[in-house]
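Asks:
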Amino acid sequence: MKSPTYATQNESGRPITLLVRGKAQPAKTFAILLILAVGVLGCPPGTLPGNTVAVTHDVEYGLGYVDEAGKGSPSLEPLLMDVYTPENAEGLRPAAIIMHGGGFVEGDKADERIVDFATYFAARGFVCFAINYRLIQDNPPASDLWGALLFPSAVHAAIVDAKAAVRHVRKHAGEYGVDANRIAFIGESAGAIAGAAVAVTDAGDYAADGEGYPIPSENAPNASPRVQAYVHLWGNADHVLGEITRDDPPTMIVHGEEDDVFLTPFAVAERFHLFLELQGVPHEFYAAENFGHAAWNYRLRGKSLERLTLDFLNEHLFGVKTSHLMESSPNTGKWSDG
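Residue numbering for the sequence shown follows this note's numbering, starting at 385 and increasing by one per position.
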């Protein structure tokens with residue numbers, strides 16, 4: 385049975401929502417020479433895996449207050465990221481900041497799925513930044529609104545760190561070869577809980593840990609933390625639903641319908657979709673049938689999660705639709721029908 389696709393429009397006729405429900409489907413592969421694909425398909429920026437990727441590890445993007453000893457006297461520690469650069473790409477490139485999950489207690493920028501995602505996009509011309517951030521065991525401070533409990537403090541700190549990463553990339557865009565007007569944020573699970581706040585909260589929100597903890601100059605406080613596109617992978621946006629406005633960036637939601645993780649049941653994705661639609665924010669909602677949490681292997685009509693994300697970013701960062709093009713396999717060099 386063909387998967388239904390629903391589209392709605394606002395009063396001006398602008399598409400607001402693409403809602404897709406469908407099972408993973410096997411890809412059909414075609415052996416097409418890369419040079420022929422470039423010549424015939426006229427591929428836009430970021431479509432082909434034609435770049436050699438260089439990785440620089442443990443680049444400092446800011447400082448965060450931590451109290452690992454639990455003595456109540458936090459000190460500043462470096463916030464680190466790995467930078468994936470397309471070596472042979474020309475001109476300024478789009479950026480993708482990628483934030484791992486792990487329930488705010490674990491996870492790392494070196495997790496295999498994060499590395500694969502960053503490599504995929506860097507090979508297609510993006511400069512990717514896989515970030516680490518403060519976790520519960522770092523005992524980060526938080527504003528009074530978030531209380532003194534460790535879990536909400538860690539969530540608050542993760543949002544502060546995520547926004548610091550965006551500010552850093554924008555301030556140093558020229559050094560990274562990045563177009564400061566084409567920055568996307570990709571969050572998965574806990575990273576998407578923080579990422580939702582990056583996407584919809586005001587620029588001045590979550591800039592600091594709270595009173596008594598001044599913003600370090602290393603955190604580029606004068607740079608904008610706004611992003612031009614947001615990808616929300618099996619996260620939760622309930623904490624920011626009331627702050628969504630029509631000026632928020634285009635958003636892509638992917639969530640397994642069978643997700644039964646306490647913080648990220650499927651219903652939270654449906655709520656996020658509803659609030660985005662009510663405010664007229666352009667977005668795509670992929671309900672991954674028969675998938676639980678962390679639907680990394682989700683495919684739709686032969687397209688991988690990476691390729692669905694790439695099509696979304698190409699459209700909203702470049703204004704170019706690539707959904708009609710075919711997908712390449714990094715392992716075989718062949719193309720699969722998209």
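Where a beta carbon is used, it is the ideal one built from N, C-alpha and C, also for glycine.
Answer with buried or exposed for Lys705, where buried requires no fewer than 16 other C-beta atoms within 10 angstroms of its C-beta.
Replies: With fewer than 16 Cβ atoms within 10 Å of its Cβ, Lys705 is classed as exposed.
Asks: Under 8 Å: do the region 636 to 652 and the region 595 to 610 share three or more Cβ pairs, one atom per stretch?
Replies: Judged by Cβ distances under 8 Å, the region 636 to 652 makes no contact with the region 595 to 610, as fewer than three pairs qualify.
Asks: So which of Ala671, Leu519, Ala678 and His677 has the shortest CA-CA distance to Leu684?
Replies: The shortest Cα separation from Leu684 among Ala671, Leu519, Ala678 and His677 belongs to Ala671.
Asks: Following the continuous alpha helix (DSSP H) through His657, name the residue where it begins and the one where it ends.
Replies: Segment Phe650 to Gln663, the alpha helix (DSSP H) holding His657.
Asks: Taking its Cβ as the centre, do 16 or more other Cβ atoms sit within 10 Å of Ala574, making it buried, or is it exposed?
Replies: Counting Cβ neighbours within 10 Å, Ala574 comes out buried, since at least 16 surround it.
Asks: Return the CA-CA distance between Gln612 and Cys512, expressed in angstroms with no decimal places.
Replies: Using only the alpha carbons, I get a separation of about 15 Å.
Asks: Just to confirm, is the Cβ distance from Ala541 to Tyr517 under 9 Å?
Replies: Yes; because the gap between Cβ atoms is below 9 Å, this pair is in contact.
Asks: Closest to Ala678 by C-alpha separation, out of His556, Glu559, Asp563 and Glu572, would be which residue?
Replies: Nearest C-alpha to Ala678: Glu572.
Asks: Please look up how many angstroms separate the CB atoms of Arg497 and Trp680, rounded, as I've assumed it's under 8 Å.
Replies: Contact holds; Cβ gap of about 5 Å.
Asks: Which word fits Glu559, buried or exposed, when buried means at least 16 other C-beta atoms lie within 10 angstroms of its C-beta?
Replies: When all chains shown are included, Glu559 counts as exposed.
Asks: Please state whether DSSP places Thr469 in a helix, a strand or coil.
Replies: Looking at Thr469 - three-state DSSP - the assignment turns out to be strand.
Asks: Does the structure place the region 450 to 462 close enough to the region 481 to 496 that three or more beta carbon pairs sit under 8 Å?
Replies: Contact between the region 481 to 496 and the region 450 to 462 is absent, because fewer than three Cβ pairs lie under 8 Å.
Asks: Just confirm the distance between the C-beta atoms of Ala514 and Pro470, as a whole number of angstroms; I'd bet it's less than 8 Å.
Replies: About 15 Å; that fails the 8 Å criterion.
Asks: Let me check understanding here. Comparing Cα to Cα, which of Asp466, Thr585, Glu474 and Leu476 lies closest to Lys493?
Replies: Measuring from the Cα of Lys493, the nearest candidate turns out to be Asp466.
Asks: Could you tell me which of Phe488, Val499, Asp545 and Gly664 sits nearest to Leu519, measuring between CA atoms?
Replies: Considering only alpha carbons, the answer is Phe488.
Asks: Identify every run of the beta strand (DSSP E) within the region 454 to 531, keeping only runs that are complete inside it and at least 3 residues long; order them along the chain.
Replies: Those beta strand (DSSP E) runs which fall completely within the region 454 to 531 and span 3+ residues are 459 to 470, 477 to 483 and 511 to 515.
Asks: Three-state secondary structure (DSSP) at Arg543?
Replies: According to the sequence as given, residue 543 is Ile; it is not Arg. The answer is helix: DSSP assigns Ile543 an H, G or I state.
Asks: May I ask you to report which of helix, strand or coil DSSP gives Ala591?
Replies: The answer is coil: DSSP assigns Ala591 none of H, G, I, E or B.
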